[in-house]
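Notes to accompany the following structure.
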Amino acid sequence: MVFSKSEEEHVTHVSTVPSRLRVNNLFSKASKCLFHVSSVEYLGYVVSSEGLKMDQAKLQQILNWPPPRSLKALQSFLGFANFYFRFIKNYSKKISSLTSFLNKDSHFHLNEEALGQFHQLKELYTISPILSHFDPSLPTILETDASEYAFGGVMSQISDSGKLPIAFDSSKASPS
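Counting in my numbering, the sequence shown runs from 1 upward without gaps.
What follows is the structure, encoded as structure tokens:
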């Protein structure tokens, strides 16, 4: 992936890459390359100058997912949805009712609270932010939160356009 801040800079960068590859005995296949595009789908994400967002095809799969009727179906959904956890603030807390069913001792039957979390999670993915690229020249803020159930944090940066989220992280608290 070759990223440049301007079109002129990009022309220079793109023309430099093939020679650098050859010097290092590396090769690229032109038919597999995209040139002069403003965004690219890469490993389940869409990367652009704005930042990182979810691939719409993957998002559609989450939105179309039926409520899980078995432990295996729940594990499958959470495994797929967890790929994009960094887009959801306090993710671990928001799936706590669902993850409580992952305990092998619990009988699987989604209660109203867990079913509500399932639908809420799907909704949260539709309004998830674009995660901005980290800019070392901007002030960075790290906000954290903790409860007896989960820990969470948000890394943001302050720019002329406001507070930009860079990453969300969270984890479920383990019983002690």
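Beta carbons are placed, not taken as given, at the ideal position from N, Cα and C, and that holds for glycine.
Residue i to residue j span [Cα, whole Å]
i, j, result
"Val2", "Lys32", "14 Å"
"Val47", "Pro136", "19 Å"
"Met54", "Gly44", "7 Å"
"Ala81", "Pro67", "13 Å"
"Ser38", "Leu52", "12 Å"
"Ile95", "Arg22", "48 Å"
"Phe77", "Glu7", "41 Å"
"Leu63", "Glu123", "8 Å"
"Asn24", "Lys5", "25 Å"
"Arg20", "Tyr42", "22 Å"
"Asp169", "His109", "28 Å"
"His133", "Glu50", "7 Å"
"Lys29", "Pro18", "10 Å"
"Ser156", "Phe101", "33 Å"
"Leu34", "Arg86", "27 Å"
"Gln60", "Asp160", "32 Å"
"Gln75", "Glu9", "46 Å"
"Ile141", "Ile158", "8 Å"
Continuous beta strand (DSSP E) stretch holding residue i: start and end
i, result
"Gly116", "Not the beta strand (DSSP E): Gly116 falls in the alpha helix (DSSP H), residues 112-126."
"Gly181", "Residue 181 lies beyond the residue range present for the chain, which begins at 1 and ends at 176; the question has no answer from this structure."
"Pro165", "162-172"
"Val2", "Per DSSP, Val2 belongs to no beta strand (DSSP E) and is neither H nor E."
"Glu143", "140-146"
"Tyr149", "From DSSP, Tyr149 is part of no beta strand (DSSP E); its letter is neither H nor E."
"Glu41", "39-42"
"Ser48", "45-48"
Residue i, enclosing alpha helix (DSSP H) - first and last residue
i, result
"Ile62", "56-63"
"Val23", "7-23"
"Tyr91", "91-94"
Among the options, the one whose alpha carbon lies nearest that of residue i
i, options, result
"Lys89", "Ser132, Gln157, Ile141, Ala167", "Ala167"
"Ser97", "Glu9, Phe83, Lys172, Asp160", "Lys172"
"Ser174", "Ile158, Thr99, Gln56", "Thr99"
"Glu148", "His36, Arg69, Val40, Lys93", "Lys93"
"Asn103", "Ser70, Leu138, His36", "Ser70"
Under 8 Å: do the region 117-124 and the region 146-156 share three or more Cβ pairs, one atom per stretch? The region 117-124 is not in contact with the region 146-156.
Does the region 126-133 come close enough to the region 9-21 to have 3 or more Cβ pairs within less than 8 Å? Segment contact: the region 126-133 against the region 9-21, fewer than three CB-CB distances shorter than 8 Å; contact not assigned.
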